[in-house]
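Visitor: Read top to bottom, the protein sequences are chains A and B. Residue numbers for the first sequence follow our numbering, so the first one is 121 and each next one is one higher. Residue numbers for the second sequence follow our numbering, so the first one is 58 and each next one is one higher. C-beta: ideal position from N, C-alpha, C; glycine also. Handing you this structure, nothing more for now.
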Amino acid sequence: MWSYIIKRLLGLIPVLIGISLCIFLVLQLIPGDVISGLLGIEENPELRAQLEKKFGLDQPLYKQYWDWISKAVRGNFGRSFRTDNEIFPEIIARFKITAQLTVMAAVISCLIGIPLGILSAIKRNTWVDGIVRIIALLGVSVPNFASATLLVLFLSLVLNYYPPVGYVGFFNNASVNMKIMILPAIILGTSMSGSVMRMTRSSVLEVLRQDFIKTVRAKGASEKIVIFKHALKNGLIPIITLIGMQIGSLLGGAVVAEQIFSIPGLGLMTLTAINQRDYPVVQGCVLFIAFVYVLVNLIVDILYTYVDPRISYK
Amino acid sequence: MKSIKRILKELFKDPMGRIGLIGVVLIIMLSVLAPVISTHDITEMYTQDKLREPCGEYLFGTDNYGRDVFSRIIYGARVSLEVGIISVGIAAIFGLIFGVISGYFEGWVDNLIMRFMDILFAFPSILLALFIVSALGPSIANTMIAIGIVNTPVFTRTVRASVISVKSTEYITSARSIGLKPASIILKHIIPNILSPFTVQITLALSGAILTEASMSFLGLGIQPPDPSWGSMLNESRKYMEIAPWLAVFPAVFIICTILSFNILGDSLRDVLDPKLKL
Numbered sequence: 121m122w123s124y125i126i127k128r129l130l131g132l133i134p135v136l137i138g139i140s141l142c143i144f145l146v147l148q149l150i151p152g153d154v155i156s157g158l159l160g161i162e163e164n165p166e167l168r169a170q171l172e173k174k175f176g177l178d179q180p181l182y183k184q185y186w187d188w189i190s191k192a193v194r195g196n197f198g199r200s201f202r203t204d205n206e207i208f209p210e211i212i213a214r215f216k217i218t219a220q221l222t223v224m225a226a227v228i229s230c231l232i233g234i235p236l237g238i239l240s241a242i243k244r245n246t247w248v249d250g251i252v253r254i255i256a257l258l259g260v261s262v263p264n265f266a267s268a269t270l271l272v273l274f275l276s277l278v279l280n281y282y283p284p285v286g287y288v289g290f291f292n293n294a295s296v297n298m299k300i301m302i303l304p305a306i307i308l309g310t311s312m313s314g315s316v317m318r319m320t321r322s323s324v325l326e327v328l329r330q331d332f333i334k335t336v337r338a339k340g341a342s343e344k345i346v347i348f349k350h351a352l353k354n355g356l357i358p359i360i361t362l363i364g365m366q367i368g369s370l371l372g373g374a375v376v377a378e379q380i381f382s383i384p385g386l387g388l389m390t391l392t393a394i395n396q397r398d399y400p401v402v403q404g405c406v407l408f409i410a411f412v413y414v415l416v417n418l419i420v421d422i423l424y425t426y427v428d429p430r431i432s433y434k
Numbered sequence: 058m059k060s061i062k063r064i065l066k067e068l069f070k071d072p073m074g075r076i077g078l079i080g081v082v083l084i085i086m087l088s089v090l091a092p093v094i095s096t097h098d099i100t101e102m103y104t105q106d107k108l109r110e111p112c113g114e115y116l117f118g119t120d121n122y123g124r125d126v127f128s129r130i131i132y133g134a135r136v137s138l139e140v141g142i143i144s145v146g147i148a149a150i151f152g153l154i155f156g157v158i159s160g161y162f163e164g165w166v167d168n169l170i171m172r173f174m175d176i177l178f179a180f181p182s183i184l185l186a187l188f189i190v191s192a193l194g195p196s197i198a199n200t201m202i203a204i205g206i207v208n209t210p211v212f213t214r215t216v217r218a219s220v221i222s223v224k225s226t227e228y229i230t231s232a233r234s235i236g237l238k239p240a241s242i243i244l245k246h247i248i249p250n251i252l253s254p255f256t257v258q259i260t261l262a263l264s265g266a267i268l269t270e271a272s273m274s275f276l277g278l279g280i281q282p283p284d285p286s287w288g289s290m291l292n293e294s295r296k297y298m299e300i301a302p303w304l305a306v307f308p309a310v311f312i313i314c315t316i317l318s319f320n321i322l323g324d325s326l327r328d329v330l331d332p333k334l335k336l
């Protein structure tokens, strides 16, 4: 097992080098250069030379890349062009907020998606199944920003409720924090739950068709045992894969929900940096998110062995 | 692959397929007939009629600049479809080329292409699209390129898997043994036999591409004003939500219905063309 994990971790190195090269090269495509953007109309050759030296932009491309990546692996993503703050500690602080949002969304998604998916599979081809499938399709099709906008509209116009403005950390005031985070978590969770429902349904149905289920039933096991102990347990792998992939995407892709509800997470940090053309921050955020994404996928692979002991990584 | 007539017949047999097909045809008609259906110029600002409620003159009301929301939504359908079709077209063409080369020739070429696709896969899609647009600059063309790049790995993987499976069949071995060149085998024998999963992927990717465009425009990095986009209309509506809720409701309903129609059609088409994948 450990040798598998080490092998997989080593396998991440070329992927991460590729990712960092992609990020670095894509930013070289920017029309005009970063310094012109920073100087604006007060373009002055002396100031330009100073800034180029400060940010290392006077060096050849390969050296710029090497400088950046060799520092990045030691957790030094440089400083922001705009605020001069260190980027890495800021990324970690923002990541904690996004991680809380992601965990809450994933829990909501599982609480809705898995039971309804099982129900849909048990009641296959009945009106219950039909309704669950329509709910799932809506979950997959309704964009986060549309459902969030409509939800805020409904709450403010019909229930006269206004979501709290500003962010408060969980450890500063847990109840206010939960009030702030619950709406975006519901939006992201319900949207994720559509795919979880569909995957749970198809996966449980697939297992229910297999011979060993007939054997379990023939032995006189109750339907509860058949579904929860055998069908769900054996059908969990694709569900876990899907949830893992969704968590990975949300850790960087919750940008829309963060923007709507003004949650200062990693997605919003990246978006702000993109809008302000603060490229070291963009580079750092994108590299960090991609790293977390591949790491989450690895964790999902390792989780398989716990869910299904038949899988062993020797 | 089944003939188009047969596919349509089977789609119409399935109630969900019917709904999806009708929805998609309606959206296509809206965008094609936009100049005929729209009631006002989409950029004309009727300053005396700012934030007017829906009425006979302005079917979906007016926005904060006094522009007609109905006409902007109709033209928004055109923008969404254009971006969706062209970006998925880019992804499909590159995915087909890379997938066929990778699956047919295998070896180091396969390794090189697939590791590059793994790298693209390592980014959440919306983030990768935003990142590419931030480098290229926000515009319709760059939005299409960004969404195209984001979707290419999925097409490459789908095509590669199908090519590997078709390549091991006996008729391909026969084609090789009679001395046909690889280009001829690929064009005449492999591509026609992988069209089913490829077509299903195109339909499913279309809804994703429309969704990504709307999300990017919502975040201000997709379609730029004054071009109408449902995403940017929804974003602008947030400032006037309490006094002009129609500004949020109509674009939201159109986005939801469009994506829903494409998803329903995609699901039904998958059931017709590739029943093994039925959910």
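When the Cα of Val406 (chain A) is compared with those of A:His350, A:Leu130, A:Leu136, which residue comes out closest?
Guide: What you label residue 406 (chain A) is simply residue 286 of the first sequence in a count that begins at 1. Measuring from the Cα of Val406 (chain A), the nearest candidate turns out to be A:Leu136.
Visitor: Exposed or buried, what is Ser191 (chain B) when buried is set at 16 or more other beta-carbons lying within 10 Å of its beta-carbon?
Guide: Mapped onto the second sequence, residue 191 (chain B) falls at position 134. Classification of Ser191 (chain B): buried, given that the 10 Å Cβ count is 16 or more.
Visitor: Name the chain B residues whose beta carbon is nearer than 7 Å to that of Gly237 (chain A)?
Guide: The sequence position of residue 237 (chain A) within the first sequence is 117, counting from 1. Within chain B, no residue comes near Gly237 (chain A); the closest Cβ sits about 10 Å away, beyond 7 Å.
Visitor: Quick one: using the 10 Å Cβ neighbour count with 16 as the cut-off for buried, is Gly160 (chain B) buried or exposed?
Guide: In the second sequence, counting from the first residue as 1, residue 160 (chain B) sits at position 103. When all chains shown are included, Gly160 (chain B) counts as buried.
Visitor: Report yes or no: is there a C-beta of chain C within less than 7 Å of the C-beta of Tyr124 (chain A)?
Guide: In the displayed structure, chain C is absent; the protein chains listed are A and B.
Visitor: Whether or not the region 319–334 of chain A and the region 239–246 of chain A are in contact is what I'm after, with contact meaning three or more pairs of Cβ atoms, one per stretch, closer than 8 Å; do they touch?
Guide: The region 239–246 of chain A, when compared against the region 319–334 of chain A, does touch it at the 8 Å Cβ threshold.
Visitor: Taking 7 Å as the CB-CB cut-off, is Val193 (chain A) touching chain B?
Guide: Along the first sequence, one-based indexing puts residue 193 (chain A) at 73. No, no contact with chain B.
Visitor: Keeping to the same chain, check which residues put their C-beta closer than 7 Å to that of Ile367 (chain A); ignore five residues upstream and five downstream.
Guide: Position 247 of the first sequence, counted from the start, is the residue given in the question as residue 367 (chain A). Excluding residues within five positions, the ones whose Cβ falls inside 7 Å are Thr222, Ala226, Val416.
Visitor: Would you mind sorting Asp187 (chain A) into buried or exposed? The rule is 16 or more other CB atoms within 10 Å of its CB.
Guide: Against the first sequence, residue 187 (chain A) aligns to sequence position 67. It counts as exposed.
Visitor: Leu273 (chain A) and Pro302 (chain B) - do their beta-carbons sit closer together than 7 Å?
Guide: By one-based count along the second sequence, residue 302 (chain B) stands at place 245. By one-based count along the first sequence, residue 273 (chain A) stands at place 153. Result yes, Cβ atoms of Pro302 (chain B) and Leu273 (chain A) sit closer than 7 Å.
Visitor: How is the alpha helix (DSSP H) around Lys183 (chain A) delimited, first residue to last?
Guide: On the first sequence, position 63 is the one that residue 183 (chain A) refers to. 181–192 is the extent of the alpha helix (DSSP H) around Lys183 (chain A).
Visitor: In chain order, what residues of the region 303–325 of chain B put their CB closer than 7 Å to some CB of chain A?
Guide: Answer set for the region 303–325 of chain B: Ala305, Ala309, Ile312, Ile313, Ile316, Leu317, Asn320, Ile321.
Visitor: Going along chain A, which residues have a C-beta under 8 Å from Ser272 (chain B)?
Guide: Sequence index remark: in the second sequence, residue 272 (chain B) carries index 215 (1-based). Result: Pro263, Asn264, Phe265, Val376.
Visitor: Check the Cβ-Cβ distances between Ile192 (chain B) and every residue of chain A, and say whether any is below 7 Å.
Guide: The residue you call residue 192 (chain B) lines up with position 135 of the second sequence. Position check: residue 192 (chain B) holds Ala in this sequence, whereas Ile was assumed. Closer than 7 Å to some Cβ of chain A, the Cβ of Ala192 (chain B) qualifies, so yes.
Visitor: If distances are taken between C-alpha atoms only, which option among B:Phe311, B:Val166, B:Val93 comes closest to Ser267 (chain A)?
Guide: Taking the first sequence and counting its residues from 1, one reaches residue 267 (chain A) at position 147. Selected option, being the one with the closest Cα: B:Phe311.
Visitor: Output yes or no for whether 7 Å exceeds the beta carbon distance between Tyr115 (chain B) and Arg109 (chain B).
Guide: Numbered from its first residue, the second sequence carries residue 115 (chain B) at position 58. Numbered from its first residue, the second sequence carries residue 109 (chain B) at position 52. Yes, they are a contact pair.
Visitor: Below 7 Å on C-beta distance, what does Phe275 (chain B) contact in chain A?
Guide: Indexing the second sequence from 1 puts residue 275 (chain B) at position 218. Per Cβ cutoff of 7 Å: Phe265, Val376.
Visitor: Here's a check: name, in chain order, each residue in its chain whose Cβ is nearer than 6 Å to the Cβ of Leu336 (chain B), leaving out the five neighbours to either side.
Guide: In the second sequence, the residue the question calls residue 336 (chain B) occupies position 279. Residue placement at Leu336 (chain B) cannot be trusted, given a pLDDT of 49 that sits under 50; the coordinates are not used to answer.
Visitor: Quick one: using the 10 Å Cβ neighbour count with 16 as the cut-off for buried, is Ala374 (chain A) buried or exposed?
Guide: Counting from one through the first sequence, the residue named residue 374 (chain A) turns up at place 254. Buried.
Visitor: For Ile139 (chain A), does the count of other Cβ atoms within 10 angstroms reach 16, so buried, or fall short, so exposed?
Guide: What you label residue 139 (chain A) is simply residue 19 of the first sequence in a count that begins at 1. Buried, by the Cβ-count rule.
Visitor: Quick one: is Ala148 (chain B) near chain A, going by C-beta distance under 7 Å?
Guide: For the purposes of this step, residue 148 (chain B) is taken as residue 91 along the second sequence, with counting starting at 1. No, its Cβ sits nowhere closer than 7 Å to a Cβ of chain A.
Visitor: Whole angstroms are fine: how far does the CA of Val157 (chain B) sit from the CA of Arg217 (chain B)?
Guide: Walking along the second sequence from the start, residue 217 (chain B) turns up at place 160. Walking along the second sequence from the start, residue 157 (chain B) turns up at place 100. Using only the alpha carbons, I get a separation of about 6 Å.
Visitor: Touching or not, the region 223–231 of chain B and the region 167–177 of chain B, by the rule of three or more beta carbon pairs under 8 Å?
Guide: With the cut-off at 8 Å, the region 223–231 of chain B and the region 167–177 of chain B do not touch.
Visitor: Threshold first: 4 residues or longer. Then list the alpha helix (DSSP H) segments lying entirely within the region 69–114 of chain B, N to C.
Guide: You should have 72–89, 91–94.
Visitor: At least one CB of chain B closer than 7 Å to the CB of Thr394 (chain A): is that the case?
Guide: The residue given as residue 394 (chain A) occupies position 274 in the first sequence. One point to set straight first is that residue 394 (chain A) is Ile, not Thr, in the sequence displayed. Output row for Ile394 (chain A): interface = yes.
Visitor: What three-state label does DSSP hand Arg199 (chain A) in the structure shown?
Guide: For the purposes of this step, residue 199 (chain A) is taken as residue 79 along the first sequence, with counting starting at 1. Strand.
Visitor: Roughly how many angstroms lie between the CA atoms of Ser286 (chain B) and Ile267 (chain B), to the nearest whole one?
Guide: For the purposes of this step, residue 286 (chain B) is identified with residue 229 of the second sequence, where counting begins at 1. For the purposes of this step, residue 267 (chain B) is identified with residue 210 of the second sequence, where counting begins at 1. Spanning the two alpha carbons is a distance of roughly 10 Å.
Visitor: For Leu326 (chain B), which residues of its own chain have a beta-carbon under 6 Å away from its beta-carbon, when the five flanking residues on both sides are left out?
Guide: Taking the first residue of the second sequence as position 1, residue 326 (chain B) is located at position 269. Excluding positions up to five away in sequence, the list reads Val257, Thr260.
Visitor: Does the distance from the CB of Val278 (chain A) to the CB of Gly314 (chain A) come in under 7 Å?
Guide: Reading the first sequence from its first residue, position 158 is the one you call residue 278 (chain A). Reading the first sequence from its first residue, position 194 is the one you call residue 314 (chain A). Their beta carbons are not under 7 Å apart, which means Val278 (chain A) does not touch Gly314 (chain A) by this criterion.
Visitor: In the DSSP assignment, the alpha helix (DSSP H) including Leu273 (chain A) goes from what residue to what residue?
Guide: Walking along the first sequence from the start, residue 273 (chain A) turns up at place 153. Segment 264–277, the alpha helix (DSSP H) holding Leu273 (chain A).
Visitor: Counting along the chain, where does the alpha helix (DSSP H) carrying Met121 (chain A) start and finish?
Guide: Against the first sequence, residue 121 (chain A) aligns to sequence position 1. Note, Met121 (chain A): premise wrong, no alpha helix (DSSP H); not H, not E.
Visitor: Please state the DSSP three-state secondary structure of Glu206 (chain A).
Guide: In the first sequence, residue 206 (chain A) corresponds to position 86, counting from 1. Glu206 (chain A): strand per DSSP, three-state reduction.
Visitor: Excluding the five sequence neighbours on either side, which residues of its own chain have a C-beta within less than 6 Å of the C-beta of Asp71 (chain B), listed in chain order?
Guide: In the second sequence, the residue the question calls residue 71 (chain B) occupies position 14. Hits under 6 Å: Ser325.
Visitor: Under 7 Å between C-beta atoms, does Gly314 (chain A) make it to chain B?
Guide: Stepping through the first sequence from its first residue, residue 314 (chain A) is reached at position 194. Answer no: the Cβ-Cβ gap between Gly314 (chain A) and chain B never drops below 7 Å.
Visitor: Any beta carbon from chain A within less than 7 Å of Ile176 (chain B)'s own beta carbon?
Guide: The sequence position of residue 176 (chain B) within the second sequence is 119, counting from 1. Ile176 (chain B) counts as touching chain A.
Visitor: Rounded to whole angstroms, what's the CA-CA distance from Pro308 (chain B) to Glu172 (chain A)? Just pull it up for me.
Guide: Here residue 308 (chain B) refers to the residue found at position 251 when the second sequence is read from its first residue. Here residue 172 (chain A) refers to the residue found at position 52 when the first sequence is read from its first residue. Taking the straight line from one Cα to the other gives about 45 Å.
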